[in-house]
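Worksheet for the structure shown next.
In this note's numbering, the protein residues as written are 32 to 245.
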C-alpha cells in the first residue's frame, strides 16, 4: 500500500490553482497506454462509483496508464519542464527501434497517492524498457519511483488518510489480464485538471505509426 497512514491528503479544492505551475502553457505531454479493454474499463467504472463520496465529480480523462511525463510542448524551450516536437519525434523513433510485440498487463490492488485513488498495475520489464528508451532522449519531469496505475479520480477534499485507508483495505481487485497493442503520446490542458487527453501520435506495436495530429 502506497498511501501512508495518518497523513493529510490533498483535495482538488486545494490544488486547483496551477497558474504558477503552467505559466500560460497549454499542452502538457505524457506517454501513456490507452485502456480499450472492455472488462478493465468496467472495473474502473465500478470502483469509481464505489468511491463517489470521496472523489471529485467530473473526471473526464480516459482510462489510461501513464508511461512517462515529458512536460509542456513548446516551440522554443525555456523552462526545465518544457519539451519540443523534435524530442517527441526522437522518442517515437527510439520506441519503434525496440520492435516491441503486444504485451500483457494485469490489474493489481486499489491504492492511493496523496491526491488521487488508483488501480495499481503489476510492474513489468517491458514498461521499464519503454521508460528507459524515452528517458535517453529527454529526462522525465519530476522523476520518482514509477508505479504503473490507472487513476480513478482526485480527492474532493483534504481528507485524512486514516479515513480513506479503511475503505481500501478490505477490497479485493480481480486479477484481470489485458493486452497492450498501442502506445500513445499526447497531452492535456493543465487548465482542465480532470479534462481529456488528446493523442498526438499512436505507435502500433506491430509497429506502424499512426499520426493523429501535429
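Each residue gets a CB set at the ideal place from its N, CA and C atoms; glycine is no exception.
Check residue i in the structure and name its three-state DSSP category.
i, result
"residue 33", "coil"
"residue 234", "strand"
"residue 220", "coil"
"residue 162", "helix"
"residue 121", "helix"
"residue 215", "strand"
"residue 63", "strand"
"residue 98", "strand"
Out of curiosity, what's the CA-to-CA distance linking residue i and residue j?
i, j, result
"residue 124", "residue 136", "23 Å"
"residue 149", "residue 73", "14 Å"
"residue 216", "residue 76", "24 Å"
"residue 157", "residue 192", "32 Å"
"residue 162", "residue 199", "29 Å"
"residue 159", "residue 63", "13 Å"
"residue 230", "residue 219", "9 Å"
"residue 155", "residue 71", "18 Å"
In chain order, what residues of the same chain lie with their CB nearer than 7 Å to the CB of residue i, ignoring the 5 residues before and after it?
i, result
"residue 89", "225"
"residue 112", "102, 103, 172"
Who are the near neighbours of residue i in its chain, counting only those whose CB is closer than 8 Å to its CB and skipping five residues on each side?
i, result
"residue 52", "221"
What distance in whole Å lies between the Cβ atoms of residue j and residue i, which are believed to be in contact at a cut-off of 8 Å?
i, j, result
"residue 228", "residue 95", "6 Å"
*Please confirm if the stretch 169-185 is in contact with the stretch 89-106, defined as three or more CB-CB distances below 8 Å between the two stretches.*
yes
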